[in-house]
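Visitor: Protein chains in written order, with my numbering: chain G, 1 to 263; chain Y, 264 to 723.
From the three backbone atoms N, C-alpha and C, an ideal C-beta is built for every residue, glycine too.
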Amino acid sequence: MLDSETNSATIADPKVVCRDVSVSYSGKQALFDIDLDIGIHQVTSLIGPSGCGKSTFLRCMNRMNDVIDGCVVTGSISVDGVEILDDEIDAVQLRRRVGMVFQKPNPFPKSIYDNIAYGPRIHGLVRGKDELDEVVQTSLERAGLWEEVKDRLLQPGTGLSGGQQQRLCIARAIAVRPDVILMDEPCSALDPIATARVEELIDELKRSYSIVIVTHSMQQAARVSQRTAFFHLGIVVEVGETEQIFTNPRDERTQGYITGRYG
Amino acid sequence: MQVWLILGVILLLASYGYQRGRGGALASVSGDASKLHSLPSYHGAYLALWAAIPALIACVIWLSAEHQIIKMLVISGLSADSQALEPQRLALLMSDIRNLASGDIVRADPSPEVQAAAVRYAELAQVSLYAKLAAIAALSALCLFFAKKRIAEQFRARNRVERIVRYIMIAASVIAILTTIGLVLSLLFEAWRFFLRVPLHDFLFGTHWSPQTAIRADQVGASGSFGAIPIFAGTLLITLIAMVIAVPLGLFSAIYMSEYASPRARGAIKPLLEVLAGVPTVVYGLFAALTVGPYIRGFGESFGIDASSESALAAGLVMGVMIIPFVSSLSDDVINAVPQALRDGSYALGATQSETIRRVVLPAALPGIVGAVLLAVSRAIGETMIVVMAAGLAANLTANPFEAVTTVTVQIVTLLVGDQEFDSSKTLAAFALGLVLFFVTLALNIIALKVVRKYREKYD
Chain G
1 MLDSETNSAT
11 IADPKVVCRD
21 VSVSYSGKQA
31 LFDIDLDIGI
41 HQVTSLIGPS
51 GCGKSTFLRC
61 MNRMNDVIDG
71 CVVTGSISVD
81 GVEILDDEID
91 AVQLRRRVGM
101 VFQKPNPFPK
111 SIYDNIAYGP
121 RIHGLVRGKD
131 ELDEVVQTSL
141 ERAGLWEEVK
151 DRLLQPGTGL
161 SGGQQQRLCI
171 ARAIAVRPDV
181 ILMDEPCSAL
191 DPIATARVEE
201 LIDELKRSYS
211 IVIVTHSMQQ
221 AARVSQRTAF
231 FHLGIVVEVG
241 ETEQIFTNPR
251 DERTQGYITG
261 RYG
Chain Y
264 MQVWLILGVI
274 LLLASYGYQR
284 GRGGALASVS
294 GDASKLHSLP
304 SYHGAYLALW
314 AAIPALIACV
324 IWLSAEHQII
334 KMLVISGLSA
344 DSQALEPQRL
354 ALLMSDIRNL
364 ASGDIVRADP
374 SPEVQAAAVR
384 YAELAQVSLY
394 AKLAAIAALS
404 ALCLFFAKKR
414 IAEQFRARNR
424 VERIVRYIMI
434 AASVIAILTT
444 IGLVLSLLFE
454 AWRFFLRVPL
464 HDFLFGTHWS
474 PQTAIRADQV
484 GASGSFGAIP
494 IFAGTLLITL
504 IAMVIAVPLG
514 LFSAIYMSEY
524 ASPRARGAIK
534 PLLEVLAGVP
544 TVVYGLFAAL
554 TVGPYIRGFG
564 ESFGIDASSE
574 SALAAGLVMG
584 VMIIPFVSSL
594 SDDVINAVPQ
604 ALRDGSYALG
614 ATQSETIRRV
624 VLPAALPGIV
634 GAVLLAVSRA
644 IGETMIVVMA
654 AGLAANLTAN
664 PFEAVTTVTV
674 QIVTLLVGDQ
684 EFDSSKTLAA
694 FALGLVLFFV
704 TLALNIIALK
714 VVRKYREKYD
């Protein structure tokens, strides 16, 4: 599908390798033969107009599409060389390793502490209360939220501001120590200040995790990501180094989108 | 008959008023409805309301006063002897006169005085009918006439009509509220009379219930004892059995329907469960009394337990089945109201479906589920027919579900069924029980609604 001369869909040392990924919802095809590699310890951003399939593609990588009736995914996605679209693979195990942060912050109606402790508890990652306390603190610290909430860990997570809630959701995702974090427009419900904090956080997190972020903000993609893939009408039009995509796009559709001619 | 005639006349005048109002409004702008402040139909409705409402109010007043006035007129025509009769005898005489006037069966050979009075009664009723018709038609026509004068291009008929409609709706809800207040007051007054005879603490804390009282002085063996504890205990026992059945079954079916069932299965199961809610309780009662009760007795016998064929267990089991759709339908609604985003968040952390349901969905839906259960409890406490048919009448103070017990509702029914005098402690006890029932279910409903509302605020 992709011309390897104009696209660098494949990279050396990939974390996730996607080949010929197609998705259809109740017979209507949404993604066509996507080839894309996700690099280790870097941020890959997926950009493109609404409805182009970037969120659908994101949800393939932790099989969240399984939850949707009538959704069929074909092709091959492998994480660390293990095929994940195989029926043998337990989606529940996969999602422990491939975490996800959603567009709208969705803390559970539980205390801040219990929100973070949720993942470690269900996966039995910790032994005893002390270890759990430690995981909660580390996760909140890494999400840059510890200082703000350390005195109110037992208050409901739903009582935090929108930006704090989103960082709580990120802390919740990293508490299970995943390898990959998928972010579906994580800042679209946040104000500029909260957005800046989350972006700083993403930059921090890429040292330990491989991150894929869907965003509608070209500036955000340019600021946080090392690689960018431009989706349009269910295909990857162009993928490459973020700098190259934004300064010297090879495809005129990419050029058109990033200069604001459509989308 | 009379009432239909009057209503017909009012309806006729109202529809005439509607036509005139509509036509008049259109005529005032020579057919161009866009020049009117209000649509022509509002002008019509304005006239129709004026034609109907004052006339209806007058009609209600007339009908309620008519009987008293005619009675006074008839009595004033009676002989001085008859007028001097004591009130009850006079009422008896009046009812004779009225029966005779309407051609019903009366006591043997009425006296000439009564016959004359009956003729007079019939005459007066006839006059009243004509006068009523004339007065109401005149009032209606008069209102119509004055209202018609206001029809004009800039007349704000829409605002007026909407205001009148608003008053009508307020009146409707006021009637509902007044009825409730009246209901509570009647309960309170009768219960007050009961508590004058039986001390409150004897009623609330007494452990012996035997409401038979002697009507005549020479009767023996029925002293009357009104300790309601066995009844409350019986009610609680049956409610408990019903909830033990209904809560798990209802909750599990709600979880299945909202979380696991395919849309097709859900489409089939939900209506089926709701059919259970539509079965008349007397049919459940038959089932409990004729099928479940004897089966439980047989089952108990095979284990050497002495079970009576009317048992708390039979009534409780069947009542539990009856309540399942309440619990399942309400719980299904609250579980569905839990945002999908919370489930996604849990799945994305690698939780399985059952972990997600247990740890995220159910805790989030818990207040709503508690509300559903409380509503079901108040339904179980107030349920009558099943317990009347299957639980028995014996006021046993027991926790053994194989024994017959009785409930508050059953006792109210048995105290009031049949020929009763309404000033004995026995019948008045029913009102005291009703009062207790009313307040308990009221409190449960208030708590349930509060809990449900608190839950709603969270996600809206």
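Within 10 angstroms of the Cβ of Ala-296 (chain Y), are there 16 or more other Cβ atoms? Answer buried if so, exposed if not.
Guide: Your numbering for residue 296 (chain Y) matches position 33 in the second sequence. Exposed is the call here.
Visitor: Is the shortest distance between the beta-carbon of Asn-65 (chain G) and the beta-carbons of chain A less than 8 Å?
Guide: In the structure shown, chain A does not exist; the protein chains are G and Y.
Visitor: Since Phe-489 (chain Y) sits in a beta bridge, which residues does DSSP pair it with?
Guide: Position 226 of the second sequence, counted from the first residue, corresponds to residue 489 (chain Y). In the DSSP output, where bridge partners are listed per residue, Phe-489 (chain Y) has Y:Trp-472.
Visitor: Please name the residue in G:Gly-163, G:Ile-112 and G:Arg-142 whose C-alpha comes closest to that of Pro-156 (chain G).
Guide: Within the first sequence, residue 156 (chain G) is the residue found at index 156, counting from 1. Residue G:Ile-112 is the option with its Cα nearest to Pro-156 (chain G).
Visitor: Just the C-alpha distance for Leu-446 (chain Y) and Ile-431 (chain Y), rounded to the nearest angstrom, thanks.
Guide: Taking the second sequence and counting its residues from 1, the one referred to as residue 446 (chain Y) is at position 183. Taking the second sequence and counting its residues from 1, the one referred to as residue 431 (chain Y) is at position 168. Straight-line Cα distance between these residues: approximately 23 Å.
Visitor: With DSSP collapsed to three states, give me the class of Met-652 (chain Y).
Guide: By 1-based counting over the second sequence, the position of residue 652 (chain Y) is 389. In this structure, Met-652 (chain Y) counts as helix in the three-state DSSP scheme.
Visitor: Starting from Glu-238 (chain G), follow its DSSP beta bridges and name the residues at the other end.
Guide: One-based indexing of the first sequence puts residue 238 (chain G) at position 238. Paired residues: G:Phe-230.
Visitor: According to DSSP, is Phe-665 (chain Y) part of a helix, a strand, or is it coil?
Guide: Stepping through the second sequence from its first residue, residue 665 (chain Y) is reached at position 402. Three-state DSSP puts Phe-665 (chain Y) in coil, outside helix and strand.
Visitor: Along chain Y, in chain order, which residues have C-beta atoms closer than 8 Å to that of Arg-96 (chain G)?
Guide: In the first sequence, counting from the first residue as 1, residue 96 (chain G) sits at position 96. Ordered by position in chain Y, the residues that pass the 8 Å Cβ test against Arg-96 (chain G) are Leu-612 and Gly-613.
Visitor: With H, G and I counted as helix, E and B as strand and the rest as coil, what does DSSP make of Thr-10 (chain G)?
Guide: Position 10 of the first sequence, counted from the first residue, corresponds to residue 10 (chain G). Correct three-state label for Thr-10 (chain G): coil.
Visitor: For the structure I just gave you, are there three or more beta carbon pairs, one from the region 164-182 of chain G and one from the region 612-625 of chain Y, closer than 8 Å?
Guide: Touching, per the Cβ criterion.
Visitor: For Ile-47 (chain G), which beta-bridge partners are listed by DSSP?
Guide: Numbered from its first residue, the first sequence carries residue 47 (chain G) at position 47. Per DSSP, G:Phe-230.
Visitor: In the DSSP output, what is Arg-19 (chain G) paired with across the bridge?
Guide: The residue labelled residue 19 (chain G) in the question sits at position 19 within the first sequence. Its beta-bridge partners are G:Ser-76.
Visitor: As a quick exercise: from Y:Val-636, Y:Gly-583 and Y:Leu-696, pick the residue whose alpha carbon is nearest that of Val-555 (chain Y).
Guide: The residue you call residue 555 (chain Y) lines up with position 292 of the second sequence. Checking every option, the nearest Cα to that of Val-555 (chain Y) belongs to Y:Gly-583.
Visitor: What is the rounded straight-line gap between the Cα of Leu-85 (chain G) and the Cα of Ile-258 (chain G)?
Guide: As a working note, residue 85 (chain G) is residue 85 in the first sequence. As a working note, residue 258 (chain G) is residue 258 in the first sequence. So the two alpha carbons sit approximately 32 Å from each other.
Visitor: If contacts are defined as beta-carbon pairs under 8 Å, then Ala-662 (chain Y) and Ser-571 (chain Y) qualify, I think. What distance do you get, rounded to the angstrom?
Guide: By one-based count along the second sequence, residue 662 (chain Y) stands at place 399. By one-based count along the second sequence, residue 571 (chain Y) stands at place 308. In fact, because the Cβ distance is near 15 Å, the residues do not count as touching under 8 Å.
Visitor: Could you spell out where the alpha helix (DSSP H) holding Val-633 (chain Y) opens and where it closes?
Guide: Here the question's residue 633 (chain Y) lines up with position 370 in the second sequence. Where Val-633 (chain Y) is concerned, the enclosing alpha helix (DSSP H) stretches over 625-645.
Visitor: Answer yes or no: does any C-beta atom of chain G fall closer than 8 Å to that of Leu-605 (chain Y)?
Guide: As a first step, residue 605 (chain Y) must be located in the second sequence, where it is residue number 342. Yes - at least one Cβ of chain G is within 8 Å of the one on Leu-605 (chain Y).
Visitor: Cutting at 7 Å between CB atoms, please list the residues of its own chain near Glu-185 (chain G), excluding the five before and the five after it.
Guide: If you number the first sequence from 1, residue 185 (chain G) lands on position 185. Answer for Glu-185 (chain G): Gln-103, Val-214, Thr-215 and His-216, listed in chain order.
Visitor: Should Arg-172 (chain G) be flagged as near chain Y, meaning a C-beta pair shorter than 8 Å?
Guide: Indexing the first sequence from 1 puts residue 172 (chain G) at position 172. Output row for Arg-172 (chain G): interface = yes.
Visitor: To the nearest angstrom, report how far apart Ile-559 (chain Y) and Leu-638 (chain Y) are at their CA atoms.
Guide: Mapped onto the second sequence, residue 559 (chain Y) falls at position 296. Mapped onto the second sequence, residue 638 (chain Y) falls at position 375. In a straight line, the C-alpha of Ile-559 (chain Y) is about 28 Å away from that of Leu-638 (chain Y).
Visitor: Does the beta carbon of Pro-626 (chain Y) sit closer than 8 Å to a beta carbon anywhere in chain G?
Guide: As a working note, residue 626 (chain Y) is residue 363 in the second sequence. Closer than 8 Å to some Cβ of chain G, the Cβ of Pro-626 (chain Y) qualifies, so yes.
Visitor: Measuring only the C-alpha atoms, how far is Ala-196 (chain G) from Ala-91 (chain G)?
Guide: Position 196 of the first sequence, counted from the first residue, corresponds to residue 196 (chain G). Position 91 of the first sequence, counted from the first residue, corresponds to residue 91 (chain G). Each residue's Cα considered, the two are about 33 Å apart.
Visitor: Verify the CB distance criterion: does Gln-93 (chain G) have a CB-CB separation below 8 Å to chain Y?
Guide: Here residue 93 (chain G) refers to the residue found at position 93 when the first sequence is read from its first residue. So, interface residue.
Visitor: Strictly under 8 Å for the Cβ-Cβ distance: is Glu-618 (chain Y) near chain G by that measure?
Guide: Counted from its first residue, the second sequence places residue 618 (chain Y) at position 355. Yes, Glu-618 (chain Y) lies at the interface with chain G (some Cβ there is under 8 Å from its Cβ).
Visitor: Starting from Ile-213 (chain G), follow the alpha helix (DSSP H) in both directions and report where the run begins and ends.
Guide: Against the first sequence, residue 213 (chain G) aligns to sequence position 213. Ile-213 (chain G) -> not in any alpha helix (DSSP H); beta strand (DSSP E) instead, spanning 210-214.
Visitor: Lys-411 (chain Y) bridges to which residues according to DSSP?
Guide: Sequence index remark: in the second sequence, residue 411 (chain Y) carries index 148 (1-based). Answer is none; Lys-411 (chain Y) lacks a bridge partner.
Visitor: Of all the residues that make up the region 564-589 of chain Y, which are near chain G by a beta-carbon distance shorter than 9 Å?
Guide: Residues: none.
Visitor: Just the Cα atoms here: how many angstroms apart are Thr-6 (chain G) and Cys-187 (chain G)?
Guide: Here residue 6 (chain G) is taken as the residue at index 6 of the first sequence, counted from 1. Here residue 187 (chain G) is taken as the residue at index 187 of the first sequence, counted from 1. Reliability of the predicted coordinates at Thr-6 (chain G) is poor, the pLDDT of 47 falling under 50, and no value is obtained from them.
Visitor: So, is the C-beta of Ile-193 (chain G) closer than 8 Å to a C-beta in chain Y?
Guide: Locating residue 193 (chain G) in the first sequence gives position 193, counting from the first residue. No - not a single Cβ of chain Y is within 8 Å of the one on Ile-193 (chain G).
Visitor: Closer than 8 Å between beta carbons: that is the criterion. Which residues of the region 620-649 of chain Y meet it against chain G?
Guide: Those residues of the region 620-649 of chain Y that come within reach of chain G (Cβ to Cβ, closer than 8 Å) are Arg-622, Val-623, Pro-626 and Ala-627.
Visitor: So, do the region 676-694 of chain Y and the region 458-476 of chain Y have three or more beta carbon pairs nearer to each other than 8 Å?
Guide: Yes, they touch.
Visitor: Shorter than 8 Å from the beta carbon of Pro-249 (chain G) to some beta carbon of chain Y?
Guide: Counting from one through the first sequence, the residue named residue 249 (chain G) turns up at place 249. It does not; no Cβ of chain Y falls within 8 Å.
Visitor: Pick from G:Arg-142, G:Arg-250, G:Ser-210 and G:Lys-110: whose alpha carbon is nearest that of Leu-154 (chain G)?
Guide: Here residue 154 (chain G) corresponds to residue number 154 of the first sequence, with the count starting at 1. Measuring from the Cα of Leu-154 (chain G), the nearest candidate turns out to be G:Lys-110.
Visitor: Sorted by chain position, which residues of the same chain lie with C-beta nearer than 7 Å to Leu-299 (chain Y)'s C-beta, five sequence neighbours on each side aside?
Guide: Here residue 299 (chain Y) is taken as the residue at index 36 of the second sequence, counted from 1. Result list for Leu-299 (chain Y): Ala-288, Val-292 and Glu-416, in chain order.
Visitor: For the region 149-179 of chain G, which residues have a beta carbon sitting closer than 9 Å to at least one beta carbon of chain Y?
Guide: So the close ones are Thr-158, Cys-169, Arg-172, Ala-173, Ala-175, Val-176 and Pro-178.
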